[in-house]
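Participant: Residue numbers (the numbering used here), protein chains in the order written: chain A, 1 to 235; chain B, 236 to 535.
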Amino acid sequence: MLELKMVNTFYGSIQALKDVSISVTKGEIITLIGANGAGKTTTLMSVSGIVRPASGSILFEDRDLNDLEPDQIVAAGVSHVPEGRRIFPYLTVQENLDLGAYLRRDSAGVRKDLEYVFELFPILSQRRHQAGGTLSGGEQQMLAISRSLMARPRLLLLDEPSLGLAPLIVQQIFEILVQINRQNGTTIFLVEQNAYMALRVAHRGYVMENGSIVLTDDTRVLLENEQVKEAYLGV
Amino acid sequence: MNYFLGLFVSGLTRGSIYALLALGYTMVYGIIELINFAHGEIYMIGAFTALILASVLSIAGLDALSILVIASLVAMIYSAAYGYTMEKIAYKPVRHSQRLSALISAIGMSLFLQNYVRLAQTSNFLPFPALIPRFTFLDLLPFRASSAQFVIFVTTAVVMILLTFLIKFTRIGKSMRAASQDKTMAMLLGVNVNRVISVTFLIGSATAALGGVLISSFTGQINFFIGFMAGIKAFVAAVLGGIGSIPGAVLGSFVLGWTESFGAGYISSDYEDVFAFAILVLILIFKPSGLLGRPENKKV
Ligand SMILES: Nc1ncnc2c1ncn2[C@@H]1O[C@H](COP(=O)(O)OP(=O)(O)OP(=O)(O)O)[C@@H](O)[C@H]1O
Ligand SMILES: [Mg+2]
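This is the structure we're talking about:
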């Protein structure tokens with residue numbers, strides 16, 4: 001479904017991604033783990049068209065995303081929950097959700113999806129008319145995920161959804177991600193520093209170091225890998 | 236009392252014109268954090284467009300009110316096209332450079348447009364026809380309020396209401412607010428930010444042109460330089476209200492209009508501009524984010 005081939009991305013003269021190749025199959029959850037500054041966010045931003053690779057291709061269902069503008073990439077079915085949630089602080093919860101459905105014209109479907117995200121996260125329905133900036137960190141993450149779901153994506157990109165959240169909330173959010181993947185068949189590309197949680201929910205994983213993919217395998221294998229255990233699982 | 240009411244009305248008129256202009260400053264700043272120094276020139280170009288049209292239409296024998304409506308609409312469309320083009324050629328190319336580049340580009344645009352109109356038209360003042368008809372019901376008021384003042388205030392109020400509705404409830408309005416808060420996030424949700432910026436320039440330029448036409452019809456003369464002082468005053472009003480905030484721009488405009496007219500009426504008309512800048516200095520000292528501005532200046 002998504003195929004990154006030999007992607008190289010630069011910020012000025014700094015090379016953030018080096019020959020990165022990742023493939024995501026329809027219906028699966030894959031995770032990309034790595035230390036601070038490894039290039040995980042850059043990988044997702046390259047898929048969304050916010051940063052442009054200098055070389056390599058990013059194919060999504062046979063279209064090269066490098067040729068599309070960010071809004072066309074959303075229209076193609078990719079939705080990105082960025083690092084740090086980026087809720088619009090002065091828009092209400094409802095307005096944030098409306099913007100998630102910005103490109104959609106099927107108002108009946110949008111209403112149904114709104115009900116769906118309120119079922120997933122009932123707290124959002126209570127906070128509906130509150131400004132986004134007044135929500136707690138956990139609520140903001142729920143809103144960020146819901147907002148992206150409102151686009152009804154086929155591929156959901158998530159950048160560190162566990163960042164700064166209490167373990168219980170992280171648990172809850174990961175369970176819901178699995179539920180979204182199972183119920184709707186939404187393919188999920190999960191970037192995480194919380195490697196243990198990510199490797200538990202994902203089917204396959206990639207490990208990134210200094211802008212390069214150094215390891216990839218089924219998550220069950222990665223969880224037993226000595227190198228991974230030592231570097232990312234703190235065992 | 237009637238003297239007071241007269242000054243009140245004159246402040247309201249000034250405030251209305253400032254508001255029509257200040258909207259453009261504040262909306263543009265809200266989205267691309269640029270002080271569009273050439274905004275006053277768009278107002279001036281609106282006035283010139285209306286003057287040319289009014290001359291042609293009056294030869295054609297139309298009545299004043301029809302001329303006013305047609306000339307205003309055409310001036311708004313024409314100026315909007317100017318604003319749109321200005322953004323594309325002078326601001327978009329430097330959007331990702333340092334702030335200073337965009338500011339210099341804006342000042343250059345302002346000088347270019349002033350001198351272009353001076354060469355294409357004249358540097359003398361030209362008489363502007365009084366297009367606003369006389370409403371006799373205003374004679375019944377105990378204080379002096381001309382038809383022009385009445386039309387200016389009512390038009391401004393209608394524009395503000397429409398704009399508030401647009402920003403608050405429409406799809407484009409929501410995307411404007413989103414882009415002003417976080418452009419990258421708006422893009423990640425499928426908002427075409429370039430288009431949002433263009434629409435902002437279109438709207439701001441059209442309302443500025445409307446202000447230019449109305450005030451010229453009130454004062455009765457124009458030249459290539461009218462946008463300069465009006466632009467600076469409207470900018471002061473926008474900062475006063477909190478740059479980036481639309482209600483702030485409106486409030487700041489009326490506060491400025493009244494300060495000027497009461498200051499001129501009760502103290503001395505020689506110091507009119509001094510009052511405007513004095514109030515700016517005061518607000519910058521005591522509330523740098525402006526009357527309704529958000530602390531870190533974010534916006535619309
Ligand atoms: N806008 C930018 N300009 C310059 N360099 C950048 C920029 N964004 C990221 N970098 C650099 O690119 C490299 C990869 O950054 P990236 O944000 O992709 O890492 P990450 O894996 O997401 O890290 P983290 O886990 O801390 O979020 C880092 O060395 C970073 O300093
Ligand atoms: Mg990151």
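Glycine included, every Cβ here is placed at the ideal spot set by N, Cα and C. The model shown is predicted, which means the values in this text are computed figures rather than measured ones.
Sorry if obvious, but does the Cβ on K40(A) come closer than 7 Å to a heavy atom of ligand 2?
Facilitator: Checking every heavy atom of ligand 2 against the Cβ of K40(A), one is found closer than 7 Å.
Participant: Buried or exposed: which applies to L283(A), given that a residue is buried once 16 or more other Cβ atoms fall within 10 Å of its Cβ?
Facilitator: The requested residue 283(A) does not occur in the structure, where chain A is confined to residues 1 to 235.
Participant: Mapping the DSSP letters down to three states, classify L158(A) as helix, strand or coil.
Facilitator: L158(A): strand per DSSP, three-state reduction.
Participant: Can you tell me whether E175(A) is helix, strand or coil according to DSSP?
Facilitator: E175(A) falls in the helix class under three-state DSSP.
Participant: Three Cβ pairs or more, each shorter than 8 Å: is that satisfied between the region 448 to 458 of chain B and the region 339 to 348 of chain B?
Facilitator: Verdict: no, contact absent.
Participant: List, in chain order, every chain B residue whose beta-carbon is nearer than 9 Å to that of A151(A).
Facilitator: Neighbours of A151(A) on chain B, chain order: L424 and G425.
Participant: Do L230(A) and ligand 1 come close, with the Cβ less than 7 Å from some heavy atom?
Facilitator: Looking at the sequence shown, residue 230(A) is not Leu but Glu. Every heavy atom of ligand 1 is 7 Å or more from the Cβ of E230(A), so no.
Participant: In terms of DSSP beta bridges, what is E209(A) paired with?
Facilitator: Answer is S212(A).
Participant: What are the residues of the region 474 to 489 of chain B that lie near chain A, defined by any Cβ-Cβ distance shorter than 9 Å?
Facilitator: Listed in sequence order: no entries.
Participant: Quick one: what does DSSP say R63(A) is sitting in, helix, strand or coil?
Facilitator: Strand, per DSSP.
Participant: Taking Cβ-Cβ distances shorter than 8 Å, what residues in chain B pair up with N99(A)?
Facilitator: Correcting the residue type first, residue 99(A) is Leu in the shown sequence and not Asn. Those are K409, S410, A413, A421, L424 and V426, listed as they occur along chain B.
Participant: Below 8 Å on C-beta distance, what does Q416(B) contact in chain A?
Facilitator: F88, P89, Y90 and L91, listed in chain order.
Participant: Quick check on the burial criterion: 16 or more other C-beta atoms within 10 angstroms. Buried or exposed for S136(A)?
Facilitator: So S136(A) counts as exposed.
Participant: Throw me the rounded Cβ distance for the I324(B) and I432(B) pair, which I believe falls under 8 Å.
Facilitator: Not a contact, Cβ separation roughly 13 Å.
Participant: Looking at M197(A): is its Cβ nearer than 8 Å to the Cβ of S162(A)?
Facilitator: Yes, Cβ-Cβ distance for M197(A) and S162(A) is below 8 Å.
Participant: Any C-beta of chain B sitting closer than 8 Å to the C-beta of T117(A)?
Facilitator: Note on identity: in this sequence residue 117(A) is Val, with Thr being the wrong assignment. So, not an interface residue.
Participant: Are the C-beta of E95(A) and some C-beta of chain B separated by less than 8 Å?
Facilitator: Yes, E95(A) counts as interfacial toward chain B.
Participant: Report, in whole angstroms, the separation of the C-beta atoms of S480(B) and G525(B), which I expect to be a contact under 8 Å.
Facilitator: Contact holds; Cβ gap of about 7 Å.
Participant: Is E83(A) near ligand 1, judged by its Cβ being under 7 Å from some heavy atom?
Facilitator: Yes - ligand 1 has a heavy atom lying nearer than 7 Å to the Cβ of E83(A).
Participant: Threshold first: 3 residues or longer. Then list the beta strand (DSSP E) segments lying entirely within the region 8 to 83 of chain A, N to C.
Facilitator: If we require 3 residues or more, the beta strand (DSSP E) runs fully inside the region 8 to 83 of chain A come out as 14 to 24, 29 to 34, 55 to 60 and 78 to 81.
Participant: Between the beta-carbon of I367(B) and the beta-carbon of V386(B), is there less than 8 Å?
Facilitator: Their beta carbons are under 8 Å apart, which means I367(B) touches V386(B) by this criterion.
Participant: Any C-beta of chain B sitting closer than 8 Å to the C-beta of V191(A)?
Facilitator: It does not: the Cβ of V191(A) has no partner Cβ on chain B nearer than 8 Å.
Participant: Please list, in chain order, all residues of the same chain as R128(A) whose beta carbon is under 6 Å from its beta carbon, the five residues on each side excluded.
Facilitator: Closer than 6 Å at Cβ, skipping near neighbours: V93 and Q94.
Participant: Tell me the rounded alpha-carbon separation between R412(B) and P89(A).
Facilitator: Straight-line Cα distance between these residues: approximately 10 Å.
Participant: By a C-beta neighbour count over all protein chains shown, 10 Å radius and 16 as the cutoff for buried, is V304(B) buried or exposed?
Facilitator: Label assigned to V304(B): exposed.
Participant: Exposed or buried, K534(B), counting other C-beta atoms within 10 Å across all chains shown (16 or more means buried)?
Facilitator: Confidence is the limiting factor: at K534(B) the pLDDT is only 45, short of 50, which leaves the residue's position unreliable, though a coordinate-based value still follows. Buried: at least 16 other Cβ atoms inside 10 Å.
Participant: Residue range of the alpha helix (DSSP H) that I266(B) falls in?
Facilitator: Looking at the DSSP string, the run of the alpha helix (DSSP H) that includes I266(B) is N237 to I267.
Participant: What do you reckon, are the CB atoms on T365(B) and G455(B) nearer than 8 Å?
Facilitator: Here residue 365(B) turns out to be Ala, not Thr, going by the sequence shown. Yes; because the gap between Cβ atoms is below 8 Å, this pair is in contact.
Participant: Taking CB distances under 8 Å as the criterion, tell me whether A75(A) reaches chain B.
Facilitator: Taking Cβ atoms only, chain B reaches closer than 8 Å to A75(A), which makes this a yes.
Participant: Taking C-beta to C-beta, are L255(B) and V474(B) nearer than 8 Å?
Facilitator: Taking 8 Å as the Cβ cut-off, L255(B) and V474(B) do not qualify as a contacting pair.
Participant: Keeping to the same chain, check which residues put their C-beta closer than 6 Å to that of S79(A); ignore five residues upstream and five downstream.
Facilitator: The answer, listed in chain order, is S148, A151, P153 and L156.
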